[in-house]
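Numbering (our numbering), first residue to last: 3 to 617.
Glycine is no exception: its CB is placed at the ideal position from the N, C-alpha and C atoms.
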């Protein structure tokens, strides 16, 4: 025992494990050890959904959503293909009926399909579920790989133990049970993982020299389990559904690798039995899919030929309506033929469909362009009137009555300037447009009637306030009088709108009364204007920063204009002399204008400062 415990483990792996495991893994490790991890990519047999209606297909898809993703993923793909095949057929039938009834190709609009929205929603739900499932499976595989690697490290330690290793039997068996309880790992790690697992098992049992009865008992139990797997695999050879047989075989391979070794003299025999059954099933599976691939290749050739026929149509020689209609019949016949052909190989199916779709789109786009040139003016007029309808509908709830009224009047002028549209749209568009106009003006009329009484009341308040300003007497305490006047100005700003016709007159009277009182109080012109502006500024504040920014920009332009005028007048002073009476008068007049302009500039500077303080 001491000599065995001191054996270098790396030598033991090279010698014993490689000999003991090679017989069981050398043949199958490159096939079964990897095959059992690739079941996700194997297509499953699905029901024939081509005979179902779209309502039935939606119900079938709903049932798939409550099942496991792996069990129904191919069914979902078949359901999707059947649904859109039905959908395209329905649209084509609608178009065909439309054309037979005298309709024009570019006027055709498929009927809304509520089933398609429901189907897309269910399909998205399945894709989300599938993505979640795949992510979960991949994470579980990575977690399982880490767990099994940790178990292998523990097995290695036990197999290399220097103490009485017979005391570790229960611990080693527990590791074996834990190993079996762990699920799948990434396929790329599978082969090496099982090599190490079986090698450590062999090394451990050889190292501790366990008694033959216990070892033979394990060999016997393992042999019984592997015989059962062989029998199950041999039974699968008679399974008519080759895809189902192949999938079950992968599960048997997983079970096989979880079972421990059998006696050395039986290892090759039992493995060869399992391998023979696996080979037969794999061959049937391969033959089955080769036959499918042959059919798909034929379908690809047929679809490619149809694409070439559509692509070969020379649009430049189609000059009349009848020529285009004849070409259209030919293309529609080719489309009918396309729908009778099955799927092409998966990797090329989408590509050949895109080629077909592109060829059809090119044909119908050229046809549409031909008709568009003939009826271009109608289409353009229709677009413009739809846009006017949308503009009117977006404005109809606006309560800025004055500005919006002007916009509606402008829209009505534009409407009259636009020419006719196709007759079938004419009444519909006019009703849509006039409904929006009538709605707005009805609302305006109702609102105007309710506001008129309030505006008359505000007018009376403002007239009374002007009378109070005019009656204001200069007292011995000028500051008190100024404060009273400012309070009256503040009160003016709190009174609402007056009738539009009276607005300018009442404001002019107010401005005259205020200016008169400021003159009586000997308050300079700039201060008077600033007090009034402060009052106006409060009103602008209620309308938001946009109004303030607009006012500031207007004042900045005014300041630039005044400064330019001041510079011009100051420059002109140099051209005159005060030596004559006439020259002196001109100079005095220029200096007076310059002083006035500078006062105005100072007032504007103060107004700009007040606005920026409020921004």
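Report yes if the C-beta distance between residue i and residue j is below 9 Å; otherwise report no.
{"i": "residue 564", "j": "residue 613", "result": "no"}
{"i": "residue 63", "j": "residue 100", "result": "no"}
{"i": "residue 500", "j": "residue 460", "result": "yes"}
{"i": "residue 463", "j": "residue 511", "result": "no"}
{"i": "residue 380", "j": "residue 347", "result": "no"}
{"i": "residue 471", "j": "residue 554", "result": "no"}
{"i": "residue 229", "j": "residue 283", "result": "no"}
{"i": "residue 333", "j": "residue 365", "result": "yes"}
{"i": "residue 442", "j": "residue 404", "result": "no"}
{"i": "residue 202", "j": "residue 158", "result": "yes"}
{"i": "residue 313", "j": "residue 279", "result": "no"}
{"i": "residue 231", "j": "residue 257", "result": "yes"}
{"i": "residue 154", "j": "residue 195", "result": "yes"}
{"i": "residue 599", "j": "residue 567", "result": "yes"}
{"i": "residue 234", "j": "residue 250", "result": "yes"}
{"i": "residue 276", "j": "residue 254", "result": "yes"}
{"i": "residue 173", "j": "residue 160", "result": "yes"}
When burial is assigned at 16 or more other CB atoms within 10 Å of the CB, is residue i buried or exposed?
{"i": "residue 604", "result": "exposed"}
{"i": "residue 263", "result": "buried"}
{"i": "residue 183", "result": "exposed"}
{"i": "residue 412", "result": "exposed"}
{"i": "residue 56", "result": "buried"}
{"i": "residue 200", "result": "buried"}
{"i": "residue 133", "result": "exposed"}
{"i": "residue 606", "result": "buried"}
{"i": "residue 269", "result": "buried"}
{"i": "residue 597", "result": "exposed"}
{"i": "residue 516", "result": "buried"}
{"i": "residue 32", "result": "Caution applies to residue 32, whose pLDDT of 33 falls short of 50 and renders its modelled position unreliable; the model cannot decide the point."}
{"i": "residue 449", "result": "exposed"}
{"i": "residue 176", "result": "exposed"}
{"i": "residue 204", "result": "buried"}
{"i": "residue 116", "result": "exposed"}
{"i": "residue 410", "result": "buried"}
{"i": "residue 558", "result": "exposed"}
{"i": "residue 297", "result": "exposed"}
So the candidates are the options; which of them puts its Cα closest to the Cα of residue i?
{"i": "residue 414", "options": "352, 402, 395", "result": "395"}
{"i": "residue 357", "options": "349, 310, 322", "result": "310"}
{"i": "residue 504", "options": "457, 314, 487", "result": "457"}
{"i": "residue 73", "options": "245, 238, 382", "result": "245"}
{"i": "residue 287", "options": "321, 239, 437", "result": "239"}
{"i": "residue 487", "options": "560, 502, 519", "result": "519"}
{"i": "residue 377", "options": "107, 439, 274, 70", "result": "107"}
{"i": "residue 535", "options": "198, 401, 616, 70", "result": "616"}
{"i": "residue 131", "options": "439, 70, 354", "result": "70"}
{"i": "residue 189", "options": "143, 292, 113", "result": "143"}
{"i": "residue 113", "options": "435, 93, 322", "result": "93"}
{"i": "residue 307", "options": "571, 318, 319, 339", "result": "339"}
{"i": "residue 110", "options": "344, 52, 116, 370", "result": "370"}
{"i": "residue 304", "options": "336, 318, 363, 331", "result": "336"}
{"i": "residue 163", "options": "390, 61, 491, 207", "result": "207"}
{"i": "residue 417", "options": "393, 426, 406", "result": "393"}
{"i": "residue 247", "options": "219, 119, 285, 428", "result": "285"}
{"i": "residue 265", "options": "224, 242, 237", "result": "224"}
{"i": "residue 571", "options": "492, 552, 595", "result": "595"}
Please report the Cβ distance between residue i and residue j, rounded to the nearest whole angstrom; I am assuming they are in contact, meaning their Cβ atoms lie under 8 Å.
{"i": "residue 59", "j": "residue 91", "result": "Actually they are not in contact, since the Cβ atoms of residue 59 and residue 91 sit about 13 Å apart, beyond 8 Å."}
{"i": "residue 187", "j": "residue 128", "result": "Not really, about 27 Å apart at Cβ, beyond 8 Å."}
{"i": "residue 191", "j": "residue 148", "result": "With a Cβ gap of about 10 Å, residue 191 and residue 148 do not count as contacting."}
{"i": "residue 446", "j": "residue 420", "result": "Residue 446 to residue 420, Cβ: 25 Å. No contact."}
{"i": "residue 438", "j": "residue 391", "result": "7 Å"}
{"i": "residue 467", "j": "residue 490", "result": "6 Å"}
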